[in-house]
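Asker: Counting in this note's numbering, the sequence shown runs from -18 upward without gaps. I'd like to ask you about the structure that follows.
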Amino acid sequence: MRFATNFLLIFIIFCFQSYGQKNLLQFLKSDTSYTVIKGVSRDNKIVKLPVELNCEEGKHHYIVKAGSLYVQVDGSGKIYKIDSLGNPIRLDKTCYEGYNFMSYNFTANNKFYSLGGWGFWQYNGALRYFDKINKEWEIYPLNKDVPFAQYFNASVFHDFVSNTLYLIYEPVLNNYVKIPDKTNYDTLSVECLNMNSLLYWDKPKRLNKNLFLKNILAPSSNVSVFSTDLGMLVETVNYFLLLDFKNEAVYQINNDLGASIIANIVKNPKGFIITRKGSINFYNPAKDSITTIPLSLKDFVKLDKKLFIDEPKQSNIHWSLILIIFLFTLLISVSVLIFYKQKNQIKSLVHELQKKNNGNGHKELTIDKSSMFIFNLTEIEKVVLELLLENTSANQFTSLDELNRVLGVKNKDVHVQNKLRSEVLHMINEKFMVYASIKDLLIERERTEFDKRVYQYRINEKYLNKLK
């Protein structure tokens, strides 16, 4: 008799454990279009698993796929399917763990995914998918890395209709990087991952800080945040806000409905929130009971607030370009000043030369043919001619340096030297052509052998005797 009683007790306990979630499993099968299940506390559990983590009990992520309930063990690759009797059946054969605590685990495109997570003192933004054939997790490459972990630095909204994930996150440094004392993120960022294209936005958007939602990321926060088919429902100080990321709109729930949601959360701390299209459901695992609250957009009032704020316009001023322009302008200005200074010096010297030639310059020449040619020259012209006569008589050329020295411009700018030298030599030749009634040049030039760019000068030998 005693044996029969014990057997009956064991049988009842077994049946209770096996069918303890009967109502839940039936409820999940009733609608497969949109269902998200989340614990009121992240420590809450619906089922007990035979193997969790190697060193401790793990937290559970519950996923609904095609009306069936699955469990993914936080911080590992372990994934179980809960059968019709409430028994867990392990699907994977992974052994590594500790790399993906507080990742976001979900189903999309008929696959199981795990995004982000924290482990080994660092955040990651990897998108992993479960390979049903190999029973292992593999990686999908994304267009950029957005490291995050839920409850640590991010919260996730899953839009099942558009097959996109929205990440509200605060950029953080890994634990092995020293955080600067002045690090302060004034606003939260929002990223969007399209699960069809596996692409993030080109750049994140900034959440409106006037919505006062920053405390939703605090690790110790008890703020209720959960996904609905209308958007992300977020508890604030006095009411619930609905964040519609797709339409970039913000709504406030009516007070009665908000109070009802809070009441169900408070009286069911070990329970779960199940959102599906058109309702919020509160599941009590101890009683296997479900309380349903209808939910529609009529229960909300749209607020005159922006969900996102515009990025501060970056200054179009590029200081490096301005510096280059300034230096270039300065260089041009200095060059112009030097040019005009040299030009004025040349004008002054030419003016002095023309003044010594009685101001007639090239237009009028008064030549006394009855006297020796040298008496028709100015003092500076005489000095140049005497140097040329001396060198030519010695069968030598006269160099530029020698001419510049007698002209008194040895230390002047090259442009000044060239201008004055050209004027003097040209005037001597012109006067001699008038004096001798010829068209030949008295002073000839030719290029030097060592440098074809440099000239040297001498007296035309045909007229050398006429000048002696």
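Built from N, CA and C at the ideal position, the CB exists for glycine as well. Keep in mind that this is a model prediction, so the values were computed, not measured.
#1: CB-CB under 8 angstroms to I271, same chain, minus the five flanking residues each way: which ones, in chain order?
#2: Please determine, among E78, V17, M83 and L368, the residue with the shortest C-alpha to C-alpha distance to Y51.
#3: Relative to the C-alpha of L194, which candidate in E172, E151 and L174 has its C-alpha closest?
#4: Under a Cβ-count criterion, where at least 16 other Cβ atoms within 10 Å of its own Cβ denotes burial, should P275 be classed as buried or exposed?
#5: Along the alpha helix (DSSP H) that carries R257, what are the first and last residues, could you check?
#6: Roughly how many whole angstroms lie between the Cα atoms of D24 and N228?
#7: Since N189 contacts K287 with CB under 8 angstroms, what's their CB separation in whole angstroms?
#8: State the Cα-Cα distance for the pair K433 and L302, rounded to the nearest angstrom.
#9: Just the Cα atoms here: how many angstroms apart are T373 and T359?
#10: Buried or exposed: where does W99 fall if 16 or more other Cβ atoms within 10 Å of its Cβ makes it buried?
#11: Taking only three categories from DSSP, how would you classify Q437?
#12: From W300 to L311, what distance separates their C-alpha atoms?
#13: Give me the Cβ distance between E117 and T75, rounded to the nearest whole Å; I'm assuming they're in contact under 8 angstroms.
#14: What's the gap between the Cα of L107 and the Cα of L66?
#15: Relative to the C-alpha of A135, which candidate in Y121, N115 and N105 has its C-alpha closest?
#16: K283 and Y232 look like a contact to me (Cβ under 8 angstroms); what is the Cβ gap, rounded to whole Å?
#17: Nearest by alpha-carbon distance to V171: which of V127, R109, G97 and L384 is it?
#18: CB L448 to CB I355, shorter than 9 angstroms?
#19: Here's the rule: buried if 16 or more other CB atoms are within 10 angstroms of the residue's CB, otherwise exposed. What is Y321?
#20: Put V206 into one of helix, strand or coil per three-state DSSP.
#21: Could you tell me the distance, in whole angstroms, from the CA atom of N155 to the CA atom of S84?
#22: Can you look up F82 in the DSSP assignment and give me helix, strand or coil?
#23: With DSSP collapsed to three states, give me the class of R23.
#24: Give the straight-line distance between the Cα atoms of D64 and I27, rounded to the nearest whole angstrom.
#25: From the DSSP output, which residues share a beta bridge with D64?
#26: What ranges does the alpha helix (DSSP H) occupy inside the segment 362 to 442, keeping only unbroken runs of at least 4 residues that lie completely in it?
#27: May I ask you to report which of helix, strand or coil DSSP gives E119?
#28: Let me know the secondary structure DSSP gives M(-18) once reduced to three states.
#29: Take K350 and list the residues in its own chain whose beta-carbon comes closer than 7 angstroms to its own, dropping the five residues that flank it on each side.
#30: Within its chain, find whatever has a CB closer than 8 angstroms to the CB of N441; leave out the 5 residues flanking it on each side and keep chain order.
#31: Between the C-alpha atoms of G252 and D280, what's the straight-line distance to the nearest angstrom?
#32: Assign S316 to one of two classes, buried (16 or more other C-beta atoms within 10 Å of its C-beta) or exposed (fewer than that).
#33: If you draw a straight line from the C-alpha of V137 to the C-alpha of L304, how long is it?
#34: Here's a check: name, in chain order, each residue in its chain whose Cβ is nearer than 6 angstroms to the Cβ of N175, leaving out the five neighbours to either side.
#35: Can you give me the C-alpha to C-alpha distance between V387 and K400, rounded to a whole angstrom?
#36: Could you check the C-alpha separation between N498 and L368 for me, to the nearest Å?
Answerer: In short:
#1: The sequence position of residue 271 within the sequence shown is 290, counting from 1. Only residues of its own chain outside the window of five on either side were considered, and among them N4, L5, F8, I255, N262, F263, Y264 and N265 have a CB closer than 8 angstroms to the CB of I271, listed in chain order.
#2: Taking the first residue of the sequence shown as 1, we reach residue 51 at position 70. If we check each option's Cα against that of Y51, V17 comes out closest.
#3: In the sequence shown, residue 194 corresponds to position 213, counting from 1. L194 has its Cα closest to that of E151, out of E172, E151 and L174.
#4: Sequence index remark: in the sequence shown, residue 275 carries index 294 (1-based). Exposed, since its Cβ has fewer than 16 Cβ neighbours within 10 Å.
#5: Locating residue 257 in the sequence shown gives position 276, where the first residue counts as 1. Per DSSP, R257 belongs to no alpha helix (DSSP H); it is in the beta strand (DSSP E), F253 to R257.
#6: Here residue 24 refers to the residue found at position 43 of the sequence shown. Here residue 228 refers to the residue found at position 247 of the sequence shown. If I take the Cα positions, the gap works out to 33 angstroms.
#7: In the sequence shown, residue 189 corresponds to position 208, counting from 1. In the sequence shown, residue 287 corresponds to position 306, counting from 1. The Cβ separation is near 5 angstroms, so the contact holds.
#8: Residue numbering aside, residue 433 sits at position 452 when the sequence shown is read from its first letter. Residue numbering aside, residue 302 sits at position 321 when the sequence shown is read from its first letter. Going by the C-alpha atoms only, they are around 42 angstroms apart.
#9: Taking the first residue of the sequence shown as 1, we reach residue 373 at position 392. Taking the first residue of the sequence shown as 1, we reach residue 359 at position 378. Cα to Cα, the separation comes out at about 21 angstroms.
#10: Taking the sequence shown and counting its residues from 1, the one referred to as residue 99 is at position 118. By the neighbour-count rule (16 or more Cβ atoms within 10 Å), W99 is buried.
#11: Here residue 437 refers to the residue found at position 456 of the sequence shown. Residue state, collapsed to three classes: strand.
#12: Counting from one through the sequence shown, the residue named residue 300 turns up at place 319. Counting from one through the sequence shown, the residue named residue 311 turns up at place 330. Using only the alpha carbons, I get a separation of about 16 angstroms.
#13: Translated into positions along the sequence shown, residue 117 becomes position 136. Translated into positions along the sequence shown, residue 75 becomes position 94. That belief holds up - the Cβ atoms of E117 and T75 are roughly 6 angstroms apart, short of 8 angstroms.
#14: Residue mapping note: residue 107 aligns to position 126 of the sequence shown, counting from 1. Residue mapping note: residue 66 aligns to position 85 of the sequence shown, counting from 1. Looking at the sequence shown, residue 107 is not Leu but Ala. If you take the alpha carbons of A107 and L66, they lie about 34 angstroms apart.
#15: One-based indexing of the sequence shown puts residue 135 at position 154. Of Y121, N115 and N105, the residue nearest in Cα terms is N105.
#16: Taking the first residue of the sequence shown as 1, we reach residue 283 at position 302. Taking the first residue of the sequence shown as 1, we reach residue 232 at position 251. The beta carbons of K283 and Y232 sit about 5 angstroms from each other, so the pair counts as a contact at 8 angstroms.
#17: Working through the sequence shown from its first residue, we reach residue 171 at position 190. V171 has its Cα closest to that of V127, out of V127, R109, G97 and L384.
#18: The residue given as residue 448 occupies position 467 in the sequence shown. The residue given as residue 355 occupies position 374 in the sequence shown. Contact check for L448 against I355 passes: the beta carbons are separated by less than 9 angstroms.
#19: On the sequence shown, residue 321 is found 340 positions in, with the first residue counted as 1. Under this definition Y321 is an exposed residue.
#20: For this step, residue 206 is matched to residue 225 along the sequence shown. Looking at V206 - three-state DSSP - the assignment turns out to be strand.
#21: Counting from 1 along the sequence shown, the entry for residue 155 is found at position 174. Counting from 1 along the sequence shown, the entry for residue 84 is found at position 103. Going by the C-alpha atoms only, they are around 16 angstroms apart.
#22: Residue mapping note: residue 82 aligns to position 101 of the sequence shown, counting from 1. Strand at F82.
#23: To locate residue 23, count along the sequence shown from 1; it is residue 42. Reduced to three states, the DSSP call for R23 is coil.
#24: In the sequence shown, residue 64 corresponds to position 83, counting from 1. In the sequence shown, residue 27 corresponds to position 46, counting from 1. Looking at the two C-alpha atoms, the distance is approximately 13 angstroms.
#25: Position 83 of the sequence shown holds residue 64. Bridge partners of D64: none, in fact.
#26: The segment 362 to 442 contains, as complete alpha helix (DSSP H) runs of 4+ residues, the segments 381 to 388 and 395 to 417 (chain order).
#27: Here residue 119 refers to the residue found at position 138 of the sequence shown. Strand at E119.
#28: For the purposes of this step, residue -18 is taken as the residue at position 1 of the sequence shown. Legend: pLDDT at M(-18) = 46, less than 50; position of this residue unreliable, value from coordinates given subsequently. Three-state DSSP puts M(-18) in coil, outside helix and strand.
#29: Indexing the sequence shown from 1 puts residue 350 at position 369. Only Y416 meet the Cβ criterion.
#30: Reading the sequence shown from its first residue, position 460 is the one you call residue 441. Once the five neighbours on either side are set aside, the close Cβ partners of N441 are D421, L422, L423, I424 and E425.
#31: Numbered from its first residue, the sequence shown carries residue 252 at position 271. Numbered from its first residue, the sequence shown carries residue 280 at position 299. Approximately 24 angstroms, taken between the alpha carbons.
#32: Counting from one through the sequence shown, the residue named residue 316 turns up at place 335. Looking at its Cβ environment, which holds fewer than 16 other Cβ atoms inside 10 Å, S316 is exposed.
#33: Position 156 of the sequence shown, counted from the first residue, corresponds to residue 137. Position 323 of the sequence shown, counted from the first residue, corresponds to residue 304. Their Cα atoms are separated by approximately 45 angstroms.
#34: Within the sequence shown, numbered from 1, the residue matching residue 175 stands at position 194. For N175, where only same-chain residues beyond five positions count, the Cβ hits under 6 angstroms are T145.
#35: For the purposes of this step, residue 387 is taken as the residue at position 406 of the sequence shown. For the purposes of this step, residue 400 is taken as the residue at position 419 of the sequence shown. Computed Cα separation, rounded: 15 angstroms.
#36: Coverage of the chain is limited to positions -18 through 449, which leaves residue 498 absent and any answer about it impossible.
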